[in-house]
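First the structure, in the form of C-alpha cells, and then the observations on it.
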Amino acid sequence: MKRTMLDNFLRRSIGILGTAGVISGPGDCEPNLGFGQLNLGFDELDPGVSTGESKPERAKCNPQSVESNSGSDVVLDFFLGDCIPGIKKLVKPGTVDVVVTSPPYNLGIEYGAYDDTVSRDEYLAWTIKWAEAVKDAMSDEGSLFLNIGSKPTDPWVPFEVAEVLRPIFELQNVIHWVKSIAVAKEDVGDYGAIVSDVAIGHYKPINSRRFVNDCHEYIFHFTKSGNVSLDRLAVGVPYQDKSNVKRWKAAKEDLRCRGNTWFIPYETIQSRIKERPHPATFPPRLPEMCIQLHGLDKAKLVLDPFMGLGNTAIACLRQGVAFMGFEIDEVYFDEAYRRAKSEANT
Ligand SMILES: C[S@@+](CC[C@H](N)C(=O)[O-])C[C@H]1O[C@@H](n2cnc3c(N)ncnc32)[C@H](O)[C@@H]1O
Numbered sequence: 001m002k003r004t005m006l007d008n009f010l011r012r013s014i015g016i017l018g019t020a021g022v023i024s025g026p027g028d029c030e031p032n033l034g035f036g037q038l039n040l041g042f043d044e045l046d047p048g049v050s051t052g053e054s055k056p057e058r059a060k061c062n063p064q065s066v067e068s069n070s071g072s073d074v075v076l077d078f079f080l081g082d083c084i085p086g087i088k089k090l091v092k093p094g095t096v097d098v099v100v101t102s103p104p105y106n107l108g109i110e111y112g113a114y115d116d117t118v119s120r121d122e123y124l125a126w127t128i129k130w131a132e133a134v135k136d137a138m139s140d141e142g143s144l145f146l147n148i149g150s151k152p153t154d155p156w157v158p159f160e161v162a163e164v165l166r167p168i169f170e171l172q173n174v175i176h177w178v179k180s181i182a183v184a185k186e187d188v189g190d191y192g193a194i195v196s197d198v199a200i201g202h203y204k205p206i207n208s209r210r211f212v213n214d215c216h217e218y219i220f221h222f223t224k225s226g227n228v229s230l231d232r233l234a235v236g237v238p239y240q241d242k243s244n245v246k247r248w249k250a251a252k253e254d255l256r257c258r259g260n261t262w263f264i265p266y267e268t269i270q271s272r273i274k275e276r277p278h279p280a281t282f283p284p285r286l287p288e289m290c291i292q293l294h295g296l297d298k299a300k301l302v303l304d305p306f307m308g309l310g311n312t313a314i315a316c317l318r319q320g321v322a323f324m325g326f327e328i329d330e331v332y333f334d335e336a337y338r339r340a341k342s343e344a345n346t
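No gaps in the numbering here: position 75 of the sequence shown is 75 in our numbering, and each next residue is one more.
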C-alpha cells in the first residue's frame with residue numbers, strides 16, 4: 001500500500017482536569033474550538049477538518065463543560081494526518097517539552113496505510129525530515145525519546161537511524177527496553193524476593209538456528225544540547241541493600257537511579273485483533289517512564305508524531321499532561337481516540 005498523505009487534519013480532543021475529571025463529552029467529539037483558547041502549543045484549527053465528513057455520527061462536545069473548567073484543564077489532541085506538515089502547521093515552534101515516539105522501523109511491517117517497505121535510503125531521508133520538524137517543535141530543554149527496534153535479519157536499523165540523527169541532536173542516553181528476561185537464582189544468590197529461576201515478560205519466539213529471540217528494543221534519548229537535567233529518581237528503584245541509603249551521600253532517600261535497562265512487559269491479552277489491533281505498539285508504561293524521567297514538572301506538552309494506538313496519549317492521561325499526536329492511518333487514529341477516551345472515563 002502507498003503512504004497516505006493528508007493535507008487536512010481531522011482533530012479530536014479530550015480535556016481533563018489534572019489527572020482526574022474528563023471534560024469532553026462522553027461520546028465522539030468533533031474538534032472543539034474552545035480547547036484552542038487554552039493555547040497549548042497549537043495555533044488554529046485547520047479550516048479543512050474535513051476528513052471526518054463521512055462520519056456524521058460524531059457529536060459535538062459540550063462547549064459549556066470546557067468553558068466552565070478552563071484554566072486548570074489539560075487537553076489531549078489527536079490529529080489524523082502526516083506528522084511532518086502537521087507539526088509544521090499545528091505545533092508552535094519551541095513549545096514541546098517531551099517527544100515520545102516510535103516511528104515505523106522500515107522492517108516491512110504490515111501497517112494499514114503506511115508502506116514500511118520503502119528503500120532504506122528513502123526511509124533515512126524521511127527520518128531526517130520528521131526529526132527536523134520535531135526539533136523545531138521542541139523547547140531547548142526538551143527531550144526526544146525515540147523507540148526503535150530491529151529484526152534479526154536486519155539488525156542495523158536503530159544504528160542507522162541514530163547515525164542520521166547525529167547532526168540534528170545530541171544522543172544524551174541510550175536505554176534498553178527489555179521486554180523479557182530470564183534470571184537464574186544461582187546468579188542472584190541470596191536475594192530475598194527471588195527464590196527460584198524466573199523468566200518474565202513477553203517476546204515473539206523466533207524459529208532459527210542462527211538467531212536468538214529478540215527480547216529488547218532501543219529508546220534513544222536525544223536532546224538539543226546533550227545537557228538536559230533529568231528527574232532520575234522519578235523512575236528510580238529502591239536500594240536492595242538499605243545500608244546504602246545512609247552510606248552514600250547522594251542517597252537522600254531509599255531510591256537509586258534505575259539505569260538504562262528498563263524491564264517493561266506487554267500486558268497479557270486474550271485477543272490481539274480486539275485488544276491490540278496494531279502490529280507494533282509499546283506499552284503505555286514506556287512513555288510514562290520517559291515523561292517521568294524528563295521530569296513531570298517540566299513536561300507541559302508531550303508530542304507523539306507516530307501515535308499508533310495512542311499509548312503516549314494514555315500515559316499523558318495518567319499523568320495529567322497535555323498531548324498532541326499525529327497518525328496517518330484512520331483506523332489506528334480512531335482506535336487511539338477510543339482507547340484514550342475510555343481510559344479518561346475510568
Ligand atoms: C511503530 S507505530 C507507533 C505505535 C505507537 N507507539 C503505539 O504504541 O501504538 C508507527 C505508526 O506511525 C504511523 N505513521 C507512519 N507514517 C506517518 C506519518 N507520516 N505521520 C503520522 N503517522 C505516521 C503508522 O501508521 C503507525 O501507526
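Beta carbons: idealized from backbone N, C-alpha and C, even for Gly.
Nothing here was measured: the structure is a model prediction, and the numbers come from that model.
Apart from sequence neighbours up to five positions away, the residues of its chain that approach Lys88 with a beta-carbon distance below 7 Å are Ala133, ordered along the chain. The closest CA to that of Ala234, considering only Thr312, Gln240, Arg258, is found on Arg258. If you draw a 10 Å sphere on the C-beta of Trp156, you find fewer than 16 other C-beta atoms in it, and that means exposed. Across the set Thr101, Thr223, Val212, Gly236, the C-alpha of Thr101 shows the shortest separation from the C-alpha of Phe323. Scanning Tyr266, Arg339, Val321, Gly81 for the CA closest to the CA of Ile181 turns up Tyr266. Around the Cβ of Thr153, a 10 Å sphere holds fewer than 16 other Cβ atoms; the residue is exposed.
Taking the Cβ of Tyr123 as the reference point, every heavy atom of ligand 1 lies at 7 Å or farther away. Residue pairing of Ile264 in beta bridges, as defined by DSSP: absent, with no partner found. Counting only runs of at least 3 residues, the segment 159-234 fully encloses the following beta strand (DSSP E) elements, listed from N- to C-terminal order: 170-178, 180-183, 198-201, 216-223. Distances from the CB of Asp329 to the heavy atoms of ligand 1 include at least one below 7 Å.
In this structure, the alpha-carbon of Asp231 lies about 29 Å from that of Glu160. Annotation: Val331 is outside any beta strand (DSSP E); the continuous alpha helix (DSSP H) that includes it extends over 330-344. Close CB contacts of Ile206 within its chain, under the 8 Å cut and outside five residues either way in sequence, are with Pro152, Val212, Asn213, Asp214 (chain order). Short of 8 Å from the beta carbon of Lys129, and not among the five residues preceding or following it, lie these beta carbons of its own chain, in chain order: Ile84. Judged by DSSP in its simplified three-state form, Thr153 adopts coil rather than helix or strand.
DSSP places Gly142 inside the beta strand (DSSP E), whose first and last residues are 138-148. With a beta-carbon spacing of about 20 Å, Gly15 and Val98 fall beyond the 8 Å limit used to define contacts. Note on geometry: alpha-carbon atoms of Leu317 and Arg210 lie some 42 Å from one another. Looking from the CA of Pro277, the closest CA among Ile314, Glu110, Thr312, Phe78 belongs to Glu110. Close CB contacts of Ala184 within its chain, under the 6 Å cut and outside five residues either way in sequence, are with Asp197 (chain order). The beta strand (DSSP E) runs lying completely inside the segment 61-128 and spanning 3 residues or more are 73-80, 96-101, given in chain order. Rounded to whole angstroms, Val331 and Ser271 show a C-alpha spacing of 17 Å. Bounds of the beta strand (DSSP E) holding Glu327 are 322-327. With a 10 Å radius around the Cβ and a threshold of 16 neighbouring Cβ atoms, Glu288 comes out buried. Put simply, the segment 158-175 touches the segment 215-223. At least three CB pairs are less than 8 Å apart. Its chain contains Leu124, Thr127, Ile128 as the residues whose beta carbon lies nearer than 6 Å to that of Val164, once the 5 sequence neighbours on both sides are disregarded; these appear in chain order. By the CB criterion at 8 Å, Ala137 and Val195 fall outside the cutoff.
For Arg272, the enclosing alpha helix (DSSP H) starts and ends at 272-275.
Ranked by Cα distance from Glu122, the first of Asn311, Ala131, Lys274, Asn106 is Asn106.
Residue burial is scored here from C-beta neighbours: Val228 has at least 16 other C-beta atoms within 10 angstroms and is therefore classed as buried.
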